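Student: So the sequences go chain by chain: A and B.
Counting in this note's numbering, the first sequence runs from 8 upward without gaps.
Counting in this note's numbering, the second sequence runs from 8 upward without gaps.
The beta carbon of each residue, even a glycine, is placed where N, CA and C say it ideally should be.
As the structure is a prediction and not an experimental result, all values here were calculated from the model.
Let me give you the structure first, and then I'll get to my questions.
There are 2 protein chains.
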Amino acid sequence: MKRASVGRPEVTSHAQIEQTAFRLFAERGFAATTLDDIAQALGIGRRTIFRYFASKNDIPWGQFDRTLDGFRDLLAAMPADIPLLAAVGRGVVEFNRFPADASPPHIERMRLILETPALQAHSVLRYAEWRQVIAEYAARRLEVEPTTLEPQLMGQVALALALTAYERWLHEPDASLTSLLEEGMRSLLAWASEVAAAS
Amino acid sequence: MKRASVGRPEVTSHAQIEQTAFRLFAERGFAATTLDDIAQALGIGRRTIFRYFASKNDIPWGQFDRTLDGFRDLLAAMPADIPLLAAVGRGVVEFNRFPADASPPHIERMRLILETPALQAHSVLRYAEWRQVIAEYAARRLEVEPTTLEPQLMGQVALALALTAYERWLHEPDASLTSLLEEGMRSLLAWASEVAAAS
DNA sequence: ATAATAACTGCACTCATTGCCAAAATGGAA
DNA sequence: TTCCATTTTGGCAATGAGTGCAGTTATTAT
Chain A
8 MKRASVGRPE VTSHAQIEQT AFRLFAERGF AATTLDDIAQ ALGIGRRTIF
58 RYFASKNDIP WGQFDRTLDG FRDLLAAMPA DIPLLAAVGR GVVEFNRFPA
108 DASPPHIERM RLILETPALQ AHSVLRYAEW RQVIAEYAAR RLEVEPTTLE
158 PQLMGQVALA LALTAYERWL HEPDASLTSL LEEGMRSLLA WASEVAAAS
Chain B
8 MKRASVGRPE VTSHAQIEQT AFRLFAERGF AATTLDDIAQ ALGIGRRTIF
58 RYFASKNDIP WGQFDRTLDG FRDLLAAMPA DIPLLAAVGR GVVEFNRFPA
108 DASPPHIERM RLILETPALQ AHSVLRYAEW RQVIAEYAAR RLEVEPTTLE
158 PQLMGQVALA LALTAYERWL HEPDASLTSL LEEGMRSLLA WASEVAAAS
């Protein structure tokens with residue numbers, strides 16, 4: 008990752024490939040854009056793309072790994088005196104908060120990921136890493152192993168909430184992601200209290 | 008789908024392909040088994056497999072479409088006087104109830120799906136149909152459109168519960184899927200009531 | 001026997017992905 | 001300047017999934 012002082016310099020970068028790829032995806036669609044197209048548009052070899060991204064499906068995710076570290080820190084900084092579900096809920100909201108002006112590229116990224124079947128499928132593998140971050144936080148608070156039922160469930164439920172909010176957001180870009188997430192959490196709590204009241 | 012009275016008879020069946028494929032998957036692994044291998048083992052053309060399954064990834068799912076109809080009926084028959092979340096929870100439990108003796112092939116199927124990265128990814132597309140069944144049920148009860156936030160969230164949360172239970176079940180085959188699902192639901196309700204008590 | 005029908009399957013092609021390795025580019029050393 | 005170590009690039013070949021096309025094959029109906 009660090010810039011080598013010796014050796015042949017890199018001809019391109021993750022960001023450059025990503026940018027060109029997104030332009031082509033927007034023009035012709037994800038499936039109709041071949042890696043050859045992208046390589047040719049960049050003036051590099053097709054083989055070189057694989058030195059920057061593990062697969063075509065990984066291109067839209069770009070920097071997700073780094074983003075995950077921020078999420079971990081964010082959760083760790085959450086006050087321990089609020090209920091677990093509230094802490095995770097707040098963490099998810101904070102994680103997905105960003106200025107409305109900076110959204111356009113982010114909207115495009117998420118739209119591509121959520122609307123392209125091949126990417127919907129591939130993304131599960133990324134989501135698993137995200138869930139793991141939550142499972143580890145929950146496990147710490149519950150003092151159990153991260154692989155046990157409760158931490159895993161918390162990760163899955165948080166993902167359920169986030170995915171639902173994102174999908175609505177794409178259909179209704181005026182609504183803020185934040186309020187959709189909060190609305191989802193309210194619904195979840197309301198359903199649970201119905202059950203509690205009935206039993 | 009109906010047996011044609013005229014024309015060349017089918018040389019194989021979904022079940023036959025599925026069975027042979029599973030045997031080879033078990034022997035060499037999913038990725039290492041090519042469609043040519045499966046076709047050859049069956050003595051049919053590779054091309055013919057595509058007349059029965061849309062893709063290699065679809066083979067492990069076999070009859071899921073038909074299963075989904077049963078799930079729809081099951082939810083529709085759920086009493087309307089119990090809370091929505093309880094009804095969905097009970098529906099999911101019932102849907103996944105099956106005799107412990109009949110499990111072995113089902114375990115193998117789920118293990119393959121849940122442990123093979125390519126299948127984990129592909130399965131999202133199947134899960135989406137499953138979630139849709141729940142979303143439609145929830146929408147009917149809530150008297151809103153199935154595409155709105157609440158029904159969609161209910162589908163996602165139910166899937167979160169089911170996936171968590173299945174994953175635990177694979178690691179701990181002695182535990183019944185039913186009790187894992189119920190344990191998950193109890194955890195979810197407990198977390199929600201913590202939040203309710205704190206606010 | 002012939003026709004109609006429905007399924008099977010070989011052929012050729014596209015495209016993602018991977019292993020292998022020679023070529024290219026650069027800073028530093030001799 | 002020339003040579004060397006280092007690092008990246010990218011061509012080549014091979015594998016395997018997926019797809020359109022067209023000819024072949026097995027049955028039933030006339």
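By how many angstroms is the C-alpha of E115 of chain B removed from the C-alpha of A33 of chain B?
Tutor: 9 angstroms
Student: Taking beta-carbon pairs under 9 angstroms, can you tell me which members of the region 35-55 of chain A lie near chain B?
Tutor: none
Student: Which residues in chain B have a C-beta closer than 8 angstroms to the C-beta of S186 of chain A? List them in chain order.
Tutor: Under the 8 angstroms cutoff, chain B gives no residues; its nearest Cβ is about 10 angstroms from S186 of chain A.
Student: Indicate whether the contact test is met: 3 or more Cβ pairs, each with one atom in the region 136-151 of chain B and one in the region 49-65 of chain B, closer than 8 angstroms.
Tutor: no
Student: Residues of the region 119-135 of chain B in Cβ contact with chain A at a cutoff of 7 angstroms, in chain order, please.
Tutor: P124, Q127, A128, H129, V131, L132
Student: Could you tell me whether the region 176-186 of chain B touches the region 162-182 of chain A, where touching means 3 or more Cβ pairs closer than 8 angstroms?
Tutor: no
Student: Can you name the residues of chain B whose CB is closer than 8 angstroms to the CB of R175 of chain A?
Tutor: T155, L156, Q159
Student: Which class does A84 of chain B belong to by DSSP, given the choice of helix, strand or coil?
Tutor: Three-state DSSP puts A84 of chain B in coil, outside helix and strand.
Student: Determine the closest residue to I141 of chain A out of A:T123, A:L91, A:G36, with distance taken between C-alpha atoms.
Tutor: If we check each option's Cα against that of I141 of chain A, A:L91 comes out closest.
Student: I think F102 of chain A touches F71 of chain A, with their Cβ atoms under 8 angstroms apart; what is that distance to the nearest whole Å?
Tutor: F102 of chain A to F71 of chain A, Cβ: 12 angstroms. No contact.
Student: Tell whether a beta-carbon distance below 8 angstroms holds between V95 of chain A and V164 of chain B.
Tutor: no
Student: Can you find a CB in chain A that lies within less than 8 angstroms of the CB of Q23 of chain B?
Tutor: no
Student: Could you tell me the alpha carbon to alpha carbon distance between P67 of chain B and E25 of chain B, rounded to whole angstroms?
Tutor: C-alpha separation (whole angstroms): 7 angstroms.
Student: Count the other C-beta atoms from every protein chain shown that fall within 10 angstroms of the C-beta of L156 of chain A, then say buried if there are 16 or more, exposed otherwise.
Tutor: buried
Student: Between the C-alpha atoms of H178 of chain B and R15 of chain B, what's the straight-line distance to the nearest angstrom?
Tutor: 46 angstroms
Student: In chain B, which residues lie with their C-beta within 9 angstroms of the C-beta of Q139 of chain A?
Tutor: For Q139 of chain A, no chain B residue has a C-beta closer than 9 angstroms to its own C-beta; the minimum C-beta separation is roughly 12 angstroms.
Student: If you measure between the beta carbons of V202 of chain A and L188 of chain B, is that distance less than 8 angstroms?
Tutor: no
Student: Residues of the region 87-99 of chain A in Cβ contact with chain B at a cutoff of 7 angstroms, in chain order, please.
Tutor: I89, P90, L91, L92, A93
Student: How close, in whole Å, do the beta carbons of L82 of chain A and G98 of chain A come, if the pair is a contact with beta carbons under 8 angstroms?
Tutor: 5 angstroms
Student: Using the three-state DSSP reduction, which class does S186 of chain A fall into: helix, strand or coil?
Tutor: Look at S186 of chain A here: in three-state DSSP terms it is helix.
Student: According to DSSP, is P16 of chain A part of a helix, a strand, or is it coil?
Tutor: coil
Student: Considering V140 of chain B, what are the terminal residues of the alpha helix (DSSP H) in which it resides?
Tutor: 124-149
Student: With a 10 Å radius around its C-beta and 16 neighbouring C-beta atoms as the bar for buried, classify V100 of chain A as buried or exposed.
Tutor: Buried, since its Cβ has 16 or more Cβ neighbours within 10 Å.
Student: Could you work out which residues of chain A lie near E190 of chain B, taking near to mean beta carbons separated by less than 8 angstroms?
Tutor: L156
Student: Kindly give me the distance between the Cβ atoms of V131 of chain B and Q127 of chain A, rounded to whole angstroms, as I take these residues to be in contact under 8 angstroms.
Tutor: 6 angstroms
Student: Taking only the alpha-carbon atoms, compute the straight-line gap between A48 of chain B and F57 of chain B and give it to the nearest angstrom.
Tutor: One C-alpha to the other measures close to 15 angstroms.
Student: Give the DSSP-derived three-state secondary structure of I45 of chain B in the structure shown.
Tutor: helix
Student: Would L82 of chain B count as contacting chain A if we go by Cβ distances under 8 angstroms?
Tutor: no
Student: Say the cut is 7 angstroms; is the CB of S62 of chain B nearer than that to a heavy atom of the ligand SAM?
Tutor: With respect to the ligand SAM, the structure shown offers nothing to examine, as it has no ligands at all.
Student: Do you know offhand how far A46 of chain B's Cα is from W176 of chain A's?
Tutor: 45 angstroms
Student: Of all Cβ atoms in chain A, is any one closer than 8 angstroms to the Cβ of W68 of chain B?
Tutor: By this cut-off, W68 of chain B is not an interface position.
Student: Just the Cα atoms here: how many angstroms apart are G191 of chain B and L168 of chain B?
Tutor: 6 angstroms
Student: Below 8 angstroms on the Cβ atoms is my contact criterion, and I expect A199 of chain B with A199 of chain A to pass it. Report the Cβ-Cβ distance as a whole number of Å.
Tutor: 3 angstroms
Student: Strictly under 8 angstroms for the Cβ-Cβ distance: is V18 of chain B near chain A by that measure?
Tutor: no
Student: For the alpha helix (DSSP H) that contains R97 of chain B, what are its first and last residues?
Tutor: 91-102
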